[in-house]
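Asks: In the numbering used here, the protein residues as written are 3 to 610.
Heads up, the beta-carbon is just placed ideally off N, CA and C, and yes, glycines get one too.
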Amino acid sequence: MCGLAGYAGFTGYVPQGTEDTSLKEMTGTLACRGPDASATWHEDSAGLGHTRLAVVDPAGGRQPMVVTRGGRTDLAVVFTGEVYNHAQLRTELTARGHRFATRGDGEVVLRAVDAWGEQAPARLEGMFAYAAWEPGPRRLTLVRDRFGIKPLCYARGGDGVVFGSEPKAVLAHPAVEARLELDGLRELLLSAHPMIKTPGRSAFAGLHEVEPGTLTVFTPAGVRSHRYWSLPPTEHHDDLPTTVARVRSLLEEAVTGQLAADVPVSVLLSGGLDSSAIAALARPAAETLHTLSVDLGTSAPGQDDAMGRDLDGPYAELMVRHLGSSHRRVQLDARSLAGPALRAQAGRLRDGLTMGDFDTSLLQLFRAVREHFPVTLAGDGSDELFGGYRWFTPQAAAAGSFPWDTVLDRADLTRLLDPALAAALDLPAHRADLHTIAAAEIEHLPGTAPAEAALRLDSYLNLTRFLPCLLDRADRLSMGVGLEVRVPFLDHRLVEYVFNTPWDFKTFDGREKSLLRAAVADLLPEPVRDRRKSPYPMTRDPAYRTALTRQTQHLIATGSPAADLLDLRAVRSLLLEPSGTDRFPREGLELVLDLDQWLRTHRPTLDL
Numbered sequence: 003m004c005g006l007a008g009y010a011g012f013t014g015y016v017p018q019g020t021e022d023t024s025l026k027e028m029t030g031t032l033a034c035r036g037p038d039a040s041a042t043w044h045e046d047s048a049g050l051g052h053t054r055l056a057v058v059d060p061a062g063g064r065q066p067m068v069v070t071r072g073g074r075t076d077l078a079v080v081f082t083g084e085v086y087n088h089a090q091l092r093t094e095l096t097a098r099g100h101r102f103a104t105r106g107d108g109e110v111v112l113r114a115v116d117a118w119g120e121q122a123p124a125r126l127e128g129m130f131a132y133a134a135w136e137p138g139p140r141r142l143t144l145v146r147d148r149f150g151i152k153p154l155c156y157a158r159g160g161d162g163v164v165f166g167s168e169p170k171a172v173l174a175h176p177a178v179e180a181r182l183e184l185d186g187l188r189e190l191l192l193s194a195h196p197m198i199k200t201p202g203r204s205a206f207a208g209l210h211e212v213e214p215g216t217l218t219v220f221t222p223a224g225v226r227s228h229r230y231w232s233l234p235p236t237e238h239h240d241d242l243p244t245t246v247a248r249v250r251s252l253l254e255e256a257v258t259g260q261l262a263a264d265v266p267v268s269v270l271l272s273g274g275l276d277s278s279a280i281a282a283l284a285r286p287a288a289e290t291l292h293t294l295s296v297d298l299g300t301s302a303p304g305q306d307d308a309m310g311r312d313l314d315g316p317y318a319e320l321m322v323r324h325l326g327s328s329h330r331r332v333q334l335d336a337r338s339l340a341g342p343a344l345r346a347q348a349g350r351l352r353d354g355l356t357m358g359d360f361d362t363s364l365l366q367l368f369r370a371v372r373e374h375f376p377v378t379l380a381g382d383g384s385d386e387l388f389g390g391y392r393w394f395t396p397q398a399a400a401a402g403s404f405p406w407d408t409v410l411d412r413a414d415l416t417r418l419l420d421p422a423l424a425a426a427l428d429l430p431a432h433r434a435d436l437h438t439i440a441a442a443e444i445e446h447l448p449g450t451a452p453a454e455a456a457l458r459l460d461s462y463l464n465l466t467r468f469l470p471c472l473l474d475r476a477d478r479l480s481m482g483v484g485l486e487v488r489v490p491f492l493d494h495r496l497v498e499y500v501f502n503t504p505w506d507f508k509t510f511d512g513r514e515k516s517l518l519r520a521a522v523a524d525l526l527p528e529p530v531r532d533r534r535k536s537p538y539p540m541t542r543d544p545a546y547r548t549a550l551t552r553q554t555q556h557l558i559a560t561g562s563p564a565a566d567l568l569d570l571r572a573v574r575s576l577l578l579e580p581s582g583t584d585r586f587p588r589e590g591l592e593l594v595l596d597l598d599q600w601l602r603t604h605r606p607t608l609d610l
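Structure (structure tokens):
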């Protein structure tokens, strides 16, 4: 997996000592992403840093890597992530005359960039980000995988570019300032509530993300970006049985390919359709199938909470018996989830605001996984692709807004903000603008029925605006403990195929994710196969709300950097509201604590 950082100046020589110190500081902020090794490379006005989590070829594969010719550096590369087709690419590149000194995918990326230049990303299959510096033309190329599973961001600093896997690496460079403006605060709030992420944007002014599926090139002449991958519309010619078989084949290939590693691999198993499908497909290829589940004890069998969750445990245990897996059950409790130290750690790891106990519980789960396994497979992306959420309905899709924003009926947390600030933010109008921009991106085949087009847009919005919030969350929290999370459902060949499958195929029997159920029906016990979607668990223990209340009271009493952003009278009123079943008090308290933690962590200059 790993982390990367670096800079490239376009004029003049940068003194070795000065910039080398900055580079080491930048790279050091990413130590948790790569606990196994750390190294830097510096030449003239460019520097690259890398921290390594050794998953493939632990003995080799150290980065940064360079190509030298005639005693001069022609190319230097740092890479993070996994390229699952690296063996095939190695064979192809060897036939072209390239010679390899390591077995890992990092050198494959180096040779691919050397051989194919800007055409290299389209040949890579996997989750990845890389930076390539060419001293001759003084060209820096930043690339991110098709779905943005692996992060990469940058800022213009002085006469060059500073970049890194996470904002904290970029902000560690003295040429980059942490500054929060209105647009950044909008991004910060909306990416957490109601989970709308704008491609390319961050909370920090002047700091940008490389967009998913995009290649961005910096030269002395300027900057340009182009997409090397998108989701164009294609005609679907297969009948339903053929479609089911094709989905099974593509998913099986994805799971099998993502099991490859030189270290132990596990599967997160909730007992839901997605994770159970991955575990079942992994079983034949694994000498011993290792699975893990999390238990918050949030409800009894058959009992639902406000978001339709039921207890995972019985279904996970059924799958464990069915597969004969070696299973570990991670038990969590409400008091630990609300602990200030754990909340602070989750807040420091996230670029944005946390999702409350969704984040603290996931962080604890990842920590437990990492005690035994450096790599795990997860079911992220399935609901967005196959239509698993309850907002995948014709009514929600045709509402003219982000469908989850309408259906989830999240609390209006802006009532806790200073009234003048809330008016300046005007989040309802901003959300409407973001929806208009996103809807204009998608293409439809001529003659597409309006209902089909609306549901296709729903899927596109979920894949490009909702899912990135979850991917960022999973990346930061997993890499915060040195764990690599792989996501087979986001194999781009599978996504391209399913995305262009007619919606009536995806719900052919009247249930959500009918297509996926049919594709793995023979692999799962009937109760698991027929289980309806149950979201990631959250605690319903009153002790969690009590802990949030006490922490917020302490914050108000002792002072907070968030005070100028908040309506403190509204916050005090919130503290007096009864627990009940209304989610607003809980989400409101989490917002107050998260804003405080975010401002303490990043210490931005406020320009609101």
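1) List the endpoints of the continuous alpha helix (DSSP H) containing L423.
2) Take G138 and list the residues in its own chain whose beta-carbon comes closer than 8 angstroms to its own, dropping the five residues that flank it on each side.
3) Can you give the Cα-Cα distance for V522 and R54, rounded to whole angstroms?
4) Just to confirm before moving on: does the CB-CB distance between L313 and V530 stay below 9 angstroms?
5) By Cβ distance, which residues of its chain are closer than 6 angstroms to L591, with the 5 residues on each side in sequence left out?
6) Determine, using beta carbons only, whether W43 and A78 come nearer to each other than 9 angstroms.
7) If you draw a straight line from the C-alpha of L32 to the C-alpha of R74, how long is it?
8) Flag this pair as yes or no: are the beta carbons of D598 and P563 separated by less than 9 angstroms?
9) Quick one: which unbroken beta strand (DSSP E) runs of 3-plus residues sit fully inside the region 148 to 177? Chain order, please.
10) Assign P37 to one of three DSSP states: helix, strand, or coil.
11) Cα separation between L447 and R203?
12) Going by other Cβ atoms of all chains shown within 10 Å of its Cβ, with 16 needed for buried, is S327 buried or exposed?
13) In terms of residue numbering, what span does the alpha helix (DSSP H) encompassing E379 cover?
14) Does S657 come out as helix, strand or coil in the three-state DSSP assignment?
15) How long is the line joining the alpha carbons of F375 and R331, rounded to whole angstroms?
16) How big is the Cα-Cα spacing for P580 and E319?
17) Quick one: grab the DSSP three-state call for S227.
18) Does the separation of the CB atoms of F102 and V110 fall below 9 angstroms?
19) Please confirm whether R372 and L209 have their CB atoms less than 9 angstroms apart.
20) Given a threshold of 16 other Cβ atoms within 10 Å of its Cβ, counted over all protein chains shown, does P630 qualify as buried or as exposed?
21) Give the straight-line distance between the Cα atoms of K199 and S47, rounded to the nearest whole angstrom.
22) Helix, strand or coil: how does DSSP classify F360 here?
23) Would you mind stating whether E211 and P196 have Cβ atoms separated by less than 9 angstroms?
24) Taking C-alpha atoms, which residue in T143, D335 and D569 lies nearest to H298?
25) Less than 9 angstroms between the C-beta atoms of A157 and S24, yes or no?
26) In whole angstroms, what is the alpha-carbon distance linking I280 and R478?
27) Count the other CB atoms, across all protein chains shown, that sit within 10 Å of the CB of Q366; report buried if there are 16 or more and exposed otherwise.
28) By DSSP's criteria, Y391 is part of a beta bridge. Which residues make up the other side?
29) Could you give the distance in angstroms between the alpha-carbon of V85 and the alpha-carbon of F130?
30) Starting from A133, trace the beta strand (DSSP E) in both directions and tell me its first and last residue.
31) Using alpha carbons as the reference points, say which of V178, G63 and M321 lies closest to E528.
32) For L217 and D147, what's the separation of their Cα atoms in angstroms?
33) Return the CA-CA distance between G5 and G51, expressed in angstroms with no decimal places.
34) Just curious, the alpha helix (DSSP H) that R574 is in, first and last residue?
35) Can you give the Cα-Cα distance for F12 and L270, rounded to whole angstroms?
36) Please report the distance separating the alpha-carbon of S301 from that of M540.
Replies: Taking the structure as given:
1) P421 to L427
2) D76
3) 36 angstroms
4) no
5) L550 and T554
6) yes
7) Those two C-alpha atoms are separated by around 29 angstroms.
8) yes
9) 155 to 159 and 162 to 166
10) Under the three-state reduction of DSSP output, P37 falls in the strand class.
11) 30 angstroms
12) buried
13) Just to set this straight, residue 379 is Leu in the shown sequence, not Glu. Element bounds for L379: not the alpha helix (DSSP H) but the beta strand (DSSP E), V377 to L379.
14) In this structure the chain extends from 3 to 610, so residue 657 is not present and cannot be described.
15) 14 angstroms
16) 36 angstroms
17) strand
18) yes
19) Taking 9 angstroms as the Cβ cut-off, R372 and L209 do not qualify as a contacting pair.
20) The structure shown does not extend to residue 630, since the chain is modelled only from 3 through 610, so no value can be given for it.
21) 34 angstroms
22) Three-state result, F360: helix.
23) no
24) A small correction: the amino acid at residue 298 is Leu; His does not occupy that position in the sequence shown. That would be D335, whose Cα lies nearest to the Cα of L298.
25) no
26) 22 angstroms
27) Taking all protein chains shown into account, Q366 has 16 or more neighbouring C-beta atoms within 10 Å of its C-beta and is therefore buried.
28) According to DSSP, which records beta bridges pairwise, Y391 is partnered with nothing at all.
29) Taking the CA atoms as reference points, V85 sits about 7 angstroms from F130.
30) G128 to E136
31) M321
32) 9 angstroms
33) Across the structure, G5 and G51 are spaced so that their CA atoms are roughly 8 angstroms apart.
34) L570 to L578
35) If you draw a straight line from the Cα of F12 to the Cα of L270, it comes to about 45 angstroms.
36) Any answer about S301 is weak, because its pLDDT of 43 lies below 50 and its placement is not dependable; what the coordinates show is given next. Near 10 angstroms, if we compare the C-alpha coordinates of M540 and S301.
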